[in-house]
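A.B. asks: The structure that follows is given in the form of structure tokens.
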Amino acid sequence: MKKYLLYLVVVIALAAGGVFAIFKPKPAPPAGAPADVQTENMAPTTTASEPEPLPPAPSGSTSAPPAASSNSSPPSPSPTANPPSTNATAPSPAPTPEPEPQTAAPSPAPETQNFSVTADDSSASPSEITATKGSVINLTFNVKSTGVYYAGLDFRSSVVNTGTILAGDSKTVSFTASESFEFIPYWPGSGVRKGYTIKINVQ
136 MKKYLLYLVV VIALAAGGVF AIFKPKPAPP AGAPADVQTE NMAPTTTASE
186 PEPLPPAPSG STSAPPAASS NSSPPSPSPT ANPPSTNATA PSPAPTPEPE
236 PQTAAPSPAP ETQNFSVTAD DSSASPSEIT ATKGSVINLT FNVKSTGVYY
286 AGLDFRSSVV NTGTILAGDS KTVSFTASES FEFIPYWPGS GVRKGYTIKI
336 NVQ
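Listed below in structure tokens is the structure:
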């Protein structure tokens, strides 16, 4: 009876060991490995070790300067020192004298020419006078006391008229000789023209 019980215990123990081996959890396969690969056939993986830190630099050495940034702005130019100011001022130029106004030379006085004519109802002497152009002419008309109707004579022209000159009287007229013309005698009472002229030639 004891042998039978011992045998039963051994069988139960073996059975229990097989069940434990069947239901024992398997380790998870590594990432990227096929699912059916057994963990016992996989080689152990090793993780890369981090690099050991470098030893600190000795106290006497200097570290390299940091690289210049590409966004750094160019150095601003240094301000230029202003030149020292001087109190001395440049002398002002002397004022230019204004030119004195030029006065026009006085024009010469015109030449004066004097002429005389003696006339009656039929003629005059001289009957023609030549004058210089631009000159002032003083012409005197002398009417005879004989051969003249009692009302006298009136000498008319396009420049100047004498008006009535009685017999035996005289009258002087003045004009500037600019162009040639002629005097025509008239009887003042009736306005009748006499038959001669006195020409004034201007040259």
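Residue numbers for the sequence shown follow this note's numbering, so the first one is 136 and each next one is one higher. All C-beta atoms, glycine included, are put in the ideal place defined by N, C-alpha and C. The structure presented is a predicted model; accordingly, all values stated were derived computationally and were not measured.
Can you tell me whether Ala312 is buried or exposed? The criterion is at least 16 other CB atoms within 10 Å of its CB, across all chains shown.
C.D. replies: By the neighbour-count rule (16 or more Cβ atoms within 10 Å), Ala312 is buried.
A.B. asks: What does the Cβ neighbour count give for Leu140, buried or exposed, with the cut at 16 atoms within 10 Å?
C.D. replies: exposed
A.B. asks: Specify the secondary structure class of Tyr142 as computed by DSSP and reduced to three states.
C.D. replies: helix
A.B. asks: Would you call the CB atoms of Ser308 and Val295 closer than 8 Å?
C.D. replies: Reading off the sequence, residue 308 comes out as Val, not Ser. Judged by their CB atoms, Val308 and Val295 are nearer to each other than the 8 Å cut-off.
A.B. asks: Consider the Cβ of Val283: report whether some Cβ of chain B lies at a distance smaller than 8 Å.
C.D. replies: This model lacks chain B altogether, as it is built from one protein chain only.
A.B. asks: Can you tell which of Thr297, Phe310 and Arg328 has the C-alpha that lies nearest to the C-alpha of Thr247?
C.D. replies: Here the closest residue by C-alpha is Phe310.
A.B. asks: Let me make sure I understand the geometry here. Which of Asp289, Thr297, Ser280 and Asn273 has the alpha-carbon closest to that of Gly324?
C.D. replies: Asp289
A.B. asks: Helix or strand or just coil, what does DSSP make of Leu149?
C.D. replies: helix
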